[in-house]
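A.B. asks:
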Amino acid sequence: MSNGQQSSSAIVVGAGIGGLTAAIALRQIGWSVTVLERAPIIAEVGAGLTLWPNALSALAALDLDQKVEARGVRTVSRGNLRTPRGRWVRRSRPEDVGVLAVHRAELHAVLRSMLPESALHTDAEVLSVDGRTVVCRCAGEEHELSADLVVAADGVNSLVRRTVWSGSAVFQGRTAWRGVTPSGSVWPVEESLTLGRGIQAGVLPLPDERVYWFVTANAAEANREYADEQAEVLRRVGGWHDPVPALIRATPPDQVLHNDLVDIDPLDTFVKDRVVLLGDAAHAMTPDLGQGACQAIEDAVVLAAALADSDLDSGLAAYDRVRRARVQPMATAARASVRRNSNTGRAAHLAMTLAARLVPPAKWRAMTAQWSDWAAPKLP
Ligand SMILES: Cc1cc2nc3c(=O)[nH]c(=O)nc-3n(C[C@H](O)[C@H](O)[C@H](O)COP(=O)(O)OP(=O)(O)OC[C@H]3O[C@@H](n4cnc5c(N)ncnc54)[C@H](O)[C@@H]3O)c2cc1C
């Protein structure tokens, strides 16, 4: 612990997956933590999520892997590939890397349950950061709070990053629709990823006979909204193979989520003085590798391990070094995947499907395990 005998303290900005995991990890090494979340209720909206073995290793360091595992379904990601007409391009193999598919809300609930209510403050929007002090509008009133460390886990549009660093989210010319079907409405389903030209659809089974689906597609302009998002996504993939259209139709229209795919340019450092960036605030990446939340979870455990091992300055320097080296090449690779996935050319599409069909299983595993072969440091 960095303050000798006295307990160190942190303000965590944002109660997303990154902020909550950071709060749990810091408490595990004996810090006192205050989480400030601008939303009136701490809850994750959103659809499904795949957690790769690296994230499960980080959750194990917090003794949370089994709790999360109990809320998920073991499956593969990108193991079964199909064409829009339903032809199988590739079938999953025993060698494929396994992932855990979870509902975001359920992962979030597990994380929340590990923190005392007194550590979590909703309706608490951070308005500014100066050194280790933040100004927060809590339930309509402005307050100043200080701690040894400010952990900015306030997402891709992070106010902390935009003010203490600089740089906004970068639109990557892609947009995504997501949803989860009601229990049993379309069941059973098999995990699959369908490769269209410039458009892909994913299907992942969740517990209780629910299904997480997503569609990612090229988008000429950012922030485009449709009066009926469900109709729009059906317009694009309504003629695709079963069960893709059925899953979209089964999802209550008001629960069809639509977001553009954005990331950020790499930062020179994740640490300035006593402010540290974590999760999407530090390294938002497009979801093409399915690693954004996994990396936020890794960040949290590595930060706590680094701070447990040394004084605050050295711990933060170690976090900065280790995390940028790991996550920035990944974000670059995700951007490169965007370019591949957005290519509408017939030849490029053919090359992509042929490669998927011909790559030997061991090489496929090596490619997908490139980012997920990672073991978390131990926490005291
Ligand atoms: C379509 C899609 C699919 C994805 N699929 C996967 C996947 O399968 N696997 C995976 O690992 N990742 C996936 N991701 C990425 C993943 O969703 C993100 O990387 C992850 O949610 C980031 O978590 P975070 O806690 O850093 O940020 P966020 O979840 O954005 O949380 C930030 C929190 O900060 C709060 N906040 C913001 N500003 C303030 C402020 N000023 N004051 C107080 N609070 C504030 C927000 O309200 C929010 O609660 C996907 C992303 C998308 C878009």
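The opening residue of the sequence shown carries number -14 in our numbering; numbering runs sequentially from there.
No residue lacks a Cβ here, since even glycine has one placed at the ideal position from N, Cα and C.
Going by C-alpha distance, which of Asn208, Asn65, Gly71 and Arg70 is nearest arginine 78?
C.D. replies: Indexing the sequence shown from 1 puts residue 78 at position 93. Taking only the C-alpha atoms, the option nearest arginine 78 is Asn65.
A.B. asks: Valine 53: beta carbon under 7 Å from a heavy atom of ligand 1?
C.D. replies: The count along the sequence shown starts at 1 and reaches residue 53 at position 68. No, Cβ of valine 53 sits at least 7 Å from all heavy atoms of ligand 1.
A.B. asks: Taking C-alpha atoms, which residue in Leu47, Ala0 and Val(-2) lies nearest to arginine 12?
C.D. replies: Within the sequence shown, numbered from 1, the residue matching residue 12 stands at position 27. The shortest C-alpha separation from arginine 12 is found at Leu47.
A.B. asks: Under the assumption that glycine 187 contacts leucine 178 (Cβ atoms under 8 Å), give the Cβ distance between them as a whole number of angstroms.
C.D. replies: Against the sequence shown, residue 187 aligns to sequence position 202. Against the sequence shown, residue 178 aligns to sequence position 193. Right, their Cβ atoms sit about 5 Å apart.
A.B. asks: Is any heavy atom in ligand 2 found nearer than 7 Å to the beta carbon of glycine 3?
C.D. replies: Because ligand 2 does not appear in the structure shown, any question about it cannot be addressed here, the ligands present being ligand 1.
A.B. asks: Can you give me the C-alpha to C-alpha distance between isoleucine 233 and aspartate 273, rounded to a whole angstrom?
C.D. replies: Translated into the one-based positions of the sequence shown, residue 233 becomes position 248. Translated into the one-based positions of the sequence shown, residue 273 becomes position 288. Near 21 Å, if we compare the C-alpha coordinates of aspartate 273 and isoleucine 233.
A.B. asks: Could you tell me which uninterrupted alpha helix (DSSP H) segments, each at least 4 residues in length, are contained entirely in the segment -6 to 19, listed from first to last along the chain?
C.D. replies: Here the runs fully enclosed are 2 to 13.
A.B. asks: Can you find at least 3 beta carbon pairs, one from the segment 145 to 153 and one from the segment 22 to 37, that sit closer than 8 Å?
C.D. replies: The segment 145 to 153, when compared against the segment 22 to 37, does not touch it at the 8 Å Cβ threshold.
A.B. asks: Express the C-alpha separation of leucine 5 and arginine 45 in angstroms, rounding to a whole number.
C.D. replies: As a first step, residue 45 is located in the sequence shown; it is residue number 60 there, counting from the start. As a first step, residue 5 is located in the sequence shown; it is residue number 20 there, counting from the start. In the sequence as presented, arginine is not what sits at residue 45; that position holds alanine. So the alpha carbons of these two residues sit roughly 15 Å apart.
A.B. asks: Just to confirm, is the Cβ distance from valine 141 to alanine 154 under 8 Å?
C.D. replies: The count along the sequence shown starts at 1 and reaches residue 141 at position 156. The count along the sequence shown starts at 1 and reaches residue 154 at position 169. Yes, Cβ-Cβ distance for valine 141 and alanine 154 is below 8 Å.
A.B. asks: With a threshold of 7 Å (Cβ to nearest heavy atom), would glutamine 157 be considered close to ligand 1?
C.D. replies: By 1-based counting over the sequence shown, the position of residue 157 is 172. No, since every heavy atom of ligand 1 falls outside the 7 Å radius drawn around the Cβ of glutamine 157.
A.B. asks: Going by the DSSP bridge assignment, what does isoleucine 184 pair with across the sheet?
C.D. replies: What you label residue 184 is simply residue 199 of the sequence shown in a count that begins at 1. Partner(s): Ala202.
A.B. asks: Suppose the cutoff is 6 Å on Cβ atoms and the five residues either side in sequence are ignored; what does the same chain contact list for arginine 23 look like?
C.D. replies: One-based indexing of the sequence shown puts residue 23 at position 38. If we look at arginine 23 and ignore the five residues flanking it on each side, its Cβ neighbours are Glu110.
A.B. asks: Under the rule that 16 or more other beta-carbon atoms within 10 Å means buried, what is aspartate 258, buried or exposed?
C.D. replies: Counted from its first residue, the sequence shown places residue 258 at position 273. The residue in question, aspartate 258, is exposed, as its Cβ has fewer than 16 Cβ neighbours within 10 Å.
A.B. asks: Have a look at tryptophan 198 and glutamate 129 and give me their C-alpha separation to the nearest angstrom.
C.D. replies: As a first step, residue 198 must be located in the sequence shown, where it is residue number 213. As a first step, residue 129 must be located in the sequence shown, where it is residue number 144. If you take the alpha carbons of tryptophan 198 and glutamate 129, they lie about 42 Å apart.
A.B. asks: To the nearest angstrom, report how far apart aspartate 193 and alanine 360 are at their CA atoms.
C.D. replies: Taking the first residue of the sequence shown as 1, we reach residue 193 at position 208. Taking the first residue of the sequence shown as 1, we reach residue 360 at position 375. Taking the straight line joining both Cα atoms gives about 30 Å.
A.B. asks: Across which residues does DSSP place cysteine 123 in a beta bridge pair?
C.D. replies: Reading the sequence shown from its first residue, position 138 is the one you call residue 123. For cysteine 123, which the question treats as bridged, DSSP gives the partners Ala109 and Glu126.
A.B. asks: Taking 8 Å as the cut-off, decide whether the C-beta atoms of glycine 422 and histidine 226 are in contact.
C.D. replies: An answer regarding residue 422 cannot be provided, because it is not within the stretch -14 to 365 covered by the chain.
A.B. asks: Any heavy atom of ligand 1 closer than 7 Å to the Cβ of cysteine 279?
C.D. replies: For the purposes of this step, residue 279 is taken as the residue at position 294 of the sequence shown. Checking the Cβ of cysteine 279 against ligand 1 gives yes.
A.B. asks: Since I believe valine 260 is in contact with valine 135 (beta carbons under 8 Å), could you give me their beta-carbon distance rounded to a whole number of angstroms?
C.D. replies: Here residue 135 corresponds to residue number 150 of the sequence shown, with the count starting at 1. Here residue 260 corresponds to residue number 275 of the sequence shown, with the count starting at 1. With 8 Å as the limit, valine 135 and valine 260 qualify as a contact, their Cβ atoms being about 5 Å apart.
A.B. asks: Let me make sure I understand the geometry here. Which of Ala231, Pro251 and Arg159 has the alpha-carbon closest to that of alanine 207?
C.D. replies: Counting from one through the sequence shown, the residue named residue 207 turns up at place 222. Of the candidates Ala231, Pro251 and Arg159, the one whose C-alpha sits nearest the C-alpha of alanine 207 is Arg159.
A.B. asks: Going by Cα to Cα distance, which pick from Glu214, Leu335, Ala137 and Ala269 is closest to valine 241?
C.D. replies: Position 256 of the sequence shown, counted from the start, is the residue given in the question as residue 241. Closest option to valine 241, Cα to Cα, is Glu214.
A.B. asks: Serine 322 by DSSP, collapsed to three states: which one?
C.D. replies: As a working mapping, residue 322 is identified with position 337 in the sequence shown. In the structure shown, serine 322 sits in a helix (DSSP, three-state: H, G or I).
A.B. asks: Tell me, please, whether the segment 297 to 307 touches the segment 265 to 272 by the rule of three or more beta-carbon pairs shorter than 8 Å.
C.D. replies: Output reads no: the segment 265 to 272 does not touch the segment 297 to 307.
A.B. asks: From alanine 0 to glutamate 283, what distance separates their C-alpha atoms?
C.D. replies: On the sequence shown, position 15 is the one that residue 0 refers to. On the sequence shown, position 298 is the one that residue 283 refers to. Straight-line Cα distance between these residues: approximately 16 Å.
A.B. asks: Select from Thr118, Arg350, Leu105 and Pro251 the residue whose C-alpha is nearest the C-alpha of alanine 310.
C.D. replies: Reading the sequence shown from its first residue, position 325 is the one you call residue 310. Alanine 310 has its Cα closest to that of Pro251, out of Thr118, Arg350, Leu105 and Pro251.
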